[in-house]
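S.K.: Residue numbering for the sequence shown follows the numbering used here, beginning at 293 and increasing consecutively.
Quick reminder that beta carbons are idealized off the backbone N, C-alpha and C, glycines included.
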Amino acid sequence: MHVYTDAAMRDHVNHLSHVEVPERFPAALAGVEAAEAAGVAVEWRACGPAPEDTLHTVHERSYLEKLERVCNSGGGFLGTDTAAGPGSFEAALLGAGAAIGAVESALSGEAAFAAVRPPGHHAGRATAMGFCLLNNAAIAAEHARSGGADRVAILDWDVHHGNGIQDIFYEDGEVLYLSVHRSPFYPGTGAANEVGEGKGRGLTINVALPRGSGEDSYGAAFIEVFLPVLREFRPEVLIVSAGYDAHAADPLGGMRLESDSFGRFASALDALVHEIGAAPLAVLLEGGYDLAALTGSITSTLQGIGQEPPNWSYLGDDRYVEESRRALAPYWESLR
Ligand SMILES: [Zn+2]
Numbered sequence: 293m294h295v296y297t298d299a300a301m302r303d304h305v306n307h308l309s310h311v312e313v314p315e316r317f318p319a320a321l322a323g324v325e326a327a328e329a330a331g332v333a334v335e336w337r338a339c340g341p342a343p344e345d346t347l348h349t350v351h352e353r354s355y356l357e358k359l360e361r362v363c364n365s366g367g368g369f370l371g372t373d374t375a376a377g378p379g380s381f382e383a384a385l386l387g388a389g390a391a392i393g394a395v396e397s398a399l400s401g402e403a404a405f406a407a408v409r410p411p412g413h414h415a416g417r418a419t420a421m422g423f424c425l426l427n428n429a430a431i432a433a434e435h436a437r438s439g440g441a442d443r444v445a446i447l448d449w450d451v452h453h454g455n456g457i458q459d460i461f462y463e464d465g466e467v468l469y470l471s472v473h474r475s476p477f478y479p480g481t482g483a484a485n486e487v488g489e490g491k492g493r494g495l496t497i498n499v500a501l502p503r504g505s506g507e508d509s510y511g512a513a514f515i516e517v518f519l520p521v522l523r524e525f526r527p528e529v530l531i532v533s534a535g536y537d538a539h540a541a542d543p544l545g546g547m548r549l550e551s552d553s554f555g556r557f558a559s560a561l562d563a564l565v566h567e568i569g570a571a572p573l574a575v576l577l578e579g580g581y582d583l584a585a586l587t588g589s590i591t592s593t594l595q596g597i598g599q600e601p602p603n604w605s606y607l608g609d610d611r612y613v614e615e616s617r618r619a620l621a622p623y624w625e626s627l628r
């Protein structure tokens, strides 16, 4: 397991958020260290700032210039919930660089985790949003494609819908985006009937769950929708946007997952990539705002890779998962 990080990611400050705090960074590293102490073979990897040409495959030049200017002038506000400080541009570049490193490791046969902040999945081509500055998962996906991977999938289990990733690839046709998230909730997108447009029709997969959902509903989303679609799509690499704010202890999420739930998600996806002959997982940190839950959930995720897949069994259908299955059935034989 390659772990990409850089101490400068602690230097990002967002004065508009009382939860996306620098203390998340040591809490995330503590999760990796606990996994290592429990026997996970961790190889720490340094990362450099993401190269400009890779950033330009996702973000508009004018947006990157503005971000750099704001940070270099001491920081400022970039949106209603997103601010940056003097160290934020460098932290964001290193975060994107860590995501690139993780996907490179995956493509060379080694599972990887990028312990990064700020998170990325709400960032659009020209917008900072939802504590996110650069869209790390999208940048990693574009990097994989530039290296020759034709089919890339991003699975996002953060409690919030990753509207930035969805928008960037909505009409793409080669990148599959799958998200399970709370709804109605911030940022307001991610309904089951948002399935992509043009060449991308059917390649956006949304499972929207109500407040208070637990692992039974999430397991149903994996079994009934995500795993069949991934088997049919056969990505060459699977990037995981791993937010931990659906944990029961999270101050924002309102969901009921346990730390071990994330280990079972990782096991299920790890087993799947082996089954279909895809690269090992590239896991990128997104949200997660209870520090102890963040640590425990990351440990569980890293331990889950290489474990037997979970034996989820259900007595009944989940009607929210069923709604997604029905919306996507026209595009996927395995969902009919
Ligand atoms: Zn989130």
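1. Mind checking which residues open and close the beta strand (DSSP E) that includes Asn455?
2. At what residues does the alpha helix (DSSP H) containing Phe525 begin and finish?
3. Assuming Val467 and Val444 form a contact by the criterion Cβ under 8 Å, report the distance between their Cβ atoms to the nearest whole angstrom.
4. At a Cβ threshold of 9 Å, is Gly480 touching chain B?
5. So is Arg353 buried or exposed if we call it buried at 16+ other beta carbons inside 10 Å?
6. DSSP three-state call for Thr419: helix, strand or coil?
7. Straight-line CA distance for His435 to Pro527?
8. Kindly indicate which three-state DSSP category Thr372 falls into: helix, strand or coil?
9. Measure the beta-carbon distance from Leu576 to Ala406 and round it to whole angstroms, keeping in mind my assumption that it falls under 8 Å.
10. Let me check you understand the geometry: is the CB of His435 closer than 8 Å to at least one non-hydrogen atom of ligand 1?
11. Leaving out the 5 sequence neighbours to the left and right, which residues in its chain are closer than 6 Å to Leu349 when beta-carbon positions are compared?
12. Is there at least one non-hydrogen atom of ligand 1 closer than 8 Å to the beta-carbon of Leu544?
13. Roughly how many angstroms separate the alpha carbons of Ala574 and His294, rounded to a whole number?
14. Buried or exposed: Arg556, going by 16 or more other Cβ atoms within 10 Å of its Cβ?
15. Can you tell me where the alpha helix (DSSP H) holding Asn498 begins and where it ends?
16. So does Gly535 have its beta carbon nearer than 8 Å to some heavy atom of ligand 1?
17. Is the beta carbon of Pro601 closer than 9 Å to that of Ser533?
18. Just curious, the beta strand (DSSP E) that Glu567 is in, first and last residue?
19. With a cut-off of 8 Å on the beta carbons, I'd call Ala441 and Ala391 a contact; round off their distance for me.
20. Below 8 Å, is the gap between the Cβ of Gly422 and the nearest heavy atom of ligand 1?
21. Given this structure, state the Cα-to-Cα distance separating Arg611 from Arg617, to the nearest angstrom.
22. Compute the Euclidean distance between the alpha carbons of Gly545 and His304, then round it to the nearest angstrom.
23. Can Leu347 and Leu426 be called in contact, C-beta distance under 9 Å?
24. Helix, strand or coil for His348, going by three-state DSSP, please let me know.
25. Can you tell me where the alpha helix (DSSP H) holding Val313 begins and where it ends?
26. Quick test of the definition: if touching needs 3 or more C-beta pairs under 8 Å, does the stretch 451-462 touch the stretch 471-481?
27. For Val529 and Gly393, I'd like the C-alpha separation in whole angstroms.
28. For Glu567, count neighbouring Cβ atoms within 10 angstroms of its own Cβ and tell me buried if that reaches 16, exposed if not.
29. Report the rounded CA-to-CA distance for Glu360 versus Phe381, giving the unit in angstroms.
30. Quick check on DSSP: helix, strand or coil for Ala274?
M.R.: Quick answer:
1. Within the sequence shown, numbered from 1, the residue matching residue 455 stands at position 163. Counting along the chain, Asn455 falls outside any beta strand (DSSP E), though it belongs to the alpha helix (DSSP H) covering 455-461.
2. Translated into the one-based positions of the sequence shown, residue 525 becomes position 233. 519-525 is the span of the alpha helix (DSSP H), which, as asked, contains Phe525.
3. As a working mapping, residue 467 is identified with position 175 in the sequence shown. As a working mapping, residue 444 is identified with position 152 in the sequence shown. Yes, they are in contact, since the Cβ atoms of Val467 and Val444 sit about 5 Å apart, within 8 Å.
4. Structure shown: chain B not included; a single protein chain is present.
5. Numbered from its first residue, the sequence shown carries residue 353 at position 61. Arg353 comes out exposed.
6. As a first step, residue 419 is located in the sequence shown; it is residue number 127 there, counting from the start. Of the three classes helix, strand and coil, the one that applies to Thr419 here is coil, per DSSP.
7. Your numbering for residue 435 matches position 143 in the sequence shown. Your numbering for residue 527 matches position 235 in the sequence shown. One C-alpha to the other measures close to 15 Å.
8. Here residue 372 is taken as the residue at index 80 of the sequence shown, counted from 1. The answer is coil: DSSP assigns Thr372 none of H, G, I, E or B.
9. Translated into positions along the sequence shown, residue 576 becomes position 284. Translated into positions along the sequence shown, residue 406 becomes position 114. Yes, they are in contact, since the Cβ atoms of Leu576 and Ala406 sit about 5 Å apart, within 8 Å.
10. Position 143 of the sequence shown, counted from the start, is the residue given in the question as residue 435. No, Cβ of His435 sits at least 8 Å from all heavy atoms of ligand 1.
11. Translated into positions along the sequence shown, residue 349 becomes position 57. The amino acid occupying residue 349 in the given sequence is Thr; Leu does not appear at that position. Hits under 6 Å: Glu434.
12. Working through the sequence shown from its first residue, we reach residue 544 at position 252. Because some heavy atom of ligand 1 lies under 8 Å away, the Cβ of Leu544 counts as near it: yes.
13. The residue labelled residue 574 in the question sits at position 282 within the sequence shown. The residue labelled residue 294 in the question sits at position 2 within the sequence shown. Looking at the two C-alpha atoms, the distance is approximately 9 Å.
14. Looking up residue 556 in the sequence shown gives position 264. Buried, since its Cβ has 16 or more Cβ neighbours within 10 Å.
15. The sequence position of residue 498 within the sequence shown is 206, counting from 1. That residue, Asn498, is in no alpha helix (DSSP H); its beta strand (DSSP E) goes 496-501.
16. The sequence position of residue 535 within the sequence shown is 243, counting from 1. Yes.
17. To locate residue 533, count along the sequence shown from 1; it is residue 241. To locate residue 601, count along the sequence shown from 1; it is residue 309. No, Cβ-Cβ distance for Ser533 and Pro601 is not below 9 Å.
18. Mapped onto the sequence shown, residue 567 falls at position 275. Careful: Glu567 lies outside any beta strand (DSSP E), inside the alpha helix (DSSP H) at 551-568.
19. Working through the sequence shown from its first residue, we reach residue 441 at position 149. Working through the sequence shown from its first residue, we reach residue 391 at position 99. The Cβ separation is near 14 Å, so there is no contact.
20. The sequence position of residue 422 within the sequence shown is 130, counting from 1. Yes, since a heavy atom of ligand 1 falls inside the 8 Å radius drawn around the Cβ of Gly422.
21. Taking the sequence shown and counting its residues from 1, one reaches residue 611 at position 319. Taking the sequence shown and counting its residues from 1, one reaches residue 617 at position 325. One C-alpha to the other measures close to 10 Å.
22. One-based indexing of the sequence shown puts residue 545 at position 253. One-based indexing of the sequence shown puts residue 304 at position 12. Whole-angstrom Cα-Cα distance: 22 Å.
23. In the sequence shown, residue 347 corresponds to position 55, counting from 1. In the sequence shown, residue 426 corresponds to position 134, counting from 1. It is a contact, given that the beta carbons lie within the stated cut-off.
24. Mapped onto the sequence shown, residue 348 falls at position 56. Coil at His348, not helix or strand.
25. Counted from its first residue, the sequence shown places residue 313 at position 21. First-last for Val313: undefined, no H or E at that position.
26. yes
27. Mapped onto the sequence shown, residue 529 falls at position 237. Mapped onto the sequence shown, residue 393 falls at position 101. When rounded, the distance between both Cα atoms is 13 Å.
28. Translated into the one-based positions of the sequence shown, residue 567 becomes position 275. The residue is exposed, with fewer than 16 neighbouring Cβ atoms inside 10 Å.
29. Position 68 of the sequence shown, counted from the start, is the residue given in the question as residue 360. Position 89 of the sequence shown, counted from the start, is the residue given in the question as residue 381. Their backbone Cα atoms lie some 6 Å apart in a straight line.
30. Outside the displayed range of the chain (293 to 628) lies residue 274, so it cannot be described from this structure.
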